[in-house]
Amino acid sequence: MRPWPVVWAALVVTASSLASPWATAQTPVRVIDSMAERTRACTACHGDQGRAGPDGYYPRLAGKPAGYLHNQLRNFAQGRRHYELMARLVDPLSDAYLGEMAQYFADLKLPYPSPTANNTIAPERLAKGQQLVTQGDAARGLPACTQCHGVRLTGVQPNVPGLLGLPLDYLNAQLGAWQTGQRRAHAPDCMAEVVKRIPAPDLIAVSSWLARQPLPADTHPAERVPPGPALPEDLRCGSAPELSTPLAAPSALPPQHAAKPAQKGQP
Numbered sequence: 726m727r728p729w730p731v732v733w734a735a736l737v738v739t740a741s742s743l744a745s746p747w748a749t750a751q752t753p754v755r756v757i758d759s760m761a762e763r764t765r766a767c768t769a770c771h772g773d774q775g776r777a778g779p780d781g782y783y784p785r786l787a788g789k790p791a792g793y794l795h796n797q798l799r800n801f802a803q804g805r806r807h808y809e810l811m812a813r814l815v816d817p818l819s820d821a822y823l824g825e826m827a828q829y830f831a832d833l834k835l836p837y838p839s840p841t842a843n844n845t846i847a848p849e850r851l852a853k854g855q856q857l858v859t860q861g862d863a864a865r866g867l868p869a870c871t872q873c874h875g876v877r878l879t880g881v882q883p884n885v886p887g888l889l890g891l892p893l894d895y896l897n898a899q900l901g902a903w904q905t906g907q908r909r910a911h912a913p914d915c916m917a918e919v920v921k922r923i924p925a926p927d928l929i930a931v932s933s934w935l936a937r938q939p940l941p942a943d944t945h946p947a948e949r950v951p952p953g954p955a956l957p958e959d960l961r962c963g964s965a966p967e968l969s970t971p972l973a974a975p976s977a978l979p980p981q982h983a984a985k986p987a988q989k990g991q992p
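Quick note, in this note's numbering, the sequence shown goes up one by one and the last residue is 992.
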């Protein structure tokens with residue numbers, strides 16, 4: 726008969742040799758194949774669910790018009806926007822798949838954070854920024870930002886982004902990129918032309934005013950372009966053709982389009 730210590734030692738060795746494969750093996754983690762999982766690489770920079778990165782340079786994706794997001798992914802893939810990491814991420818993906826990604830983020834309805842801009846700027850400069858955003862500057866041939874980006878500045882479906890809820894650093898970086906040609910869009914490139922007409926101090930006034938504005942109760946992009954005059958030829962937007970044919974204001978509608986009182990028995 727073997728001594729008990731020897732038998733126990735043999736059992737321990739045998740058990741450990743049997744258990745070791747199980748101890749080192751990893752139990753497979755089941756992951757649902759969803760767009761939320763597939764876009765996790767995006768959220769590393771753009772924040773959880775595309776809410777925006779914490780550093781102020783990676784913008785919000787959630788809730789932006791799908792057409793706009795799709796156009797930006799195309800711009801990175803086709804070299805109109807320059808950021809190597811983004812270009813490498815989108816390069817192997819088909820255009821149809823880029824569209825699916827864009828639609829996923831566009832469908833996310835998430836609350837916006839409160840404005841955080843606190844740069845030092847004189848009140849009269851903020852007033853100048855507000856004027857350019859809401860009224861434009863006829864002397865420079867500049868339409869108001871609201872003419873394209875919506876009365877609430879939350880964007881217009883399907884291709885025009887909102888301007889509120891964006892960090893000041895991001896706004897400044899993008900306006901600067903338009904001026905230097907680092908950011909481009911489909912020709913004709915209306916934004917490139919717009920920023921050329923605005924001096925740098927006024928661009929800062931615009932971004933500072935926008936970054937301080939609270940979001941309206943309804944943060945969804947508008948369904949259609951605001952009523953107003955058509956944009957001049959040199960400010961047409963290749964990436965947003967809907968801006969070329971804005972709706973006429975109700976008071977300017979021809980008589981045949983005016984609302985008629987309902988007849989008895991009609992809805």
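Even for Gly, the Cβ is constructed at its ideal location relative to N, Cα and C. Values in this document were obtained by computation on a predicted structure and should not be read as measured data.
Within the same chain, and ignoring the five residues on either side of residue 797 in sequence, no residue has its Cβ closer than 6 Å to its Cβ. For residue 842, same chain residues with a beta-carbon under 7 Å away, outside a window of 5 residues either side, are 893, 933, 936, 937 in chain order.
In this structure, the beta-carbon distance from residue 943 to residue 879 falls below 9 Å. Residues 826, 829 of the same chain have their beta carbon placed closer than 7 Å to that of residue 764, with the five preceding and five following residues left out of the count. Per the coordinates, the alpha-carbon of residue 909 lies some 28 Å from the alpha-carbon of residue 835. When 779, 809, 873, 920 are compared, the shortest CA-CA separation from residue 838 is found for 779. Sequence-distant Cβ neighbours of residue 903 in its own chain, meaning closer than 7 Å and more than five residues away, are 916, 917, 920. Following the DSSP letters along the chain, one finds residue 962 in no alpha helix (DSSP H), marked with neither H nor E.
Contact check between the region 944-953 and the region 860-876: three or more CB pairs, one atom from each, fall below 8 Å, which counts as touching.
Boundaries of the alpha helix (DSSP H) around residue 921: 915-921.
In terms of Cβ geometry, residue 792 and residue 912 do not form a close pair [threshold 9 Å]. Beta-bridge pairing by DSSP links residue 878 to no other residue. Beta-bridge pairing by DSSP links residue 908 to 806.
Between the beta-carbon of residue 869 and that of residue 885 there is about 13 Å, and that puts the pair past the 8 Å contact cut. Here the C-alpha atom of residue 860 lies approximately 44 Å from the C-alpha atom of residue 759. Ranking 888, 867, 847 by CA distance to the CA of residue 877 puts 888 first. Spanning the alpha carbons of residue 853 and residue 957 requires a straight line of approximately 23 Å. Rounded to whole angstroms, the gap between the alpha carbons of residue 882 and residue 753 is 42 Å. Taking a contact as a CB-CB distance under 8 Å, the pair residue 898 and residue 782 counts as one, their CB atoms being some 6 Å apart. Under the three-state reduction of DSSP, residue 955 is assigned to coil, being neither helix nor strand. For residue 820, the enclosing alpha helix (DSSP H) covers residues 820-831.
If you compare the alpha carbons of 811, 804, 795 with that of residue 824, the shortest gap goes to 795.
Each of 766, 771, 940 was checked against the Cα of residue 786, and the nearest Cα belongs to 771. In this structure, the beta-carbon distance from residue 788 to residue 833 falls below 9 Å. Counting of Cβ neighbours within 10 angstroms places residue 757 among the exposed residues, the total staying below 16. In the DSSP assignment, the residues bridged to residue 867 are 862. Every alpha helix (DSSP H) stretch that sits fully inside the region 758-788 and reaches 4 residues is listed by chain position as 760-763, 765-771.
According to the DSSP assignment, residue 926 belongs to the alpha helix (DSSP H) that extends over 925-936.
By the Cβ-count criterion, residue 866 is exposed, with fewer than 16 other Cβ atoms from all chains shown falling within 10 Å of its own Cβ.
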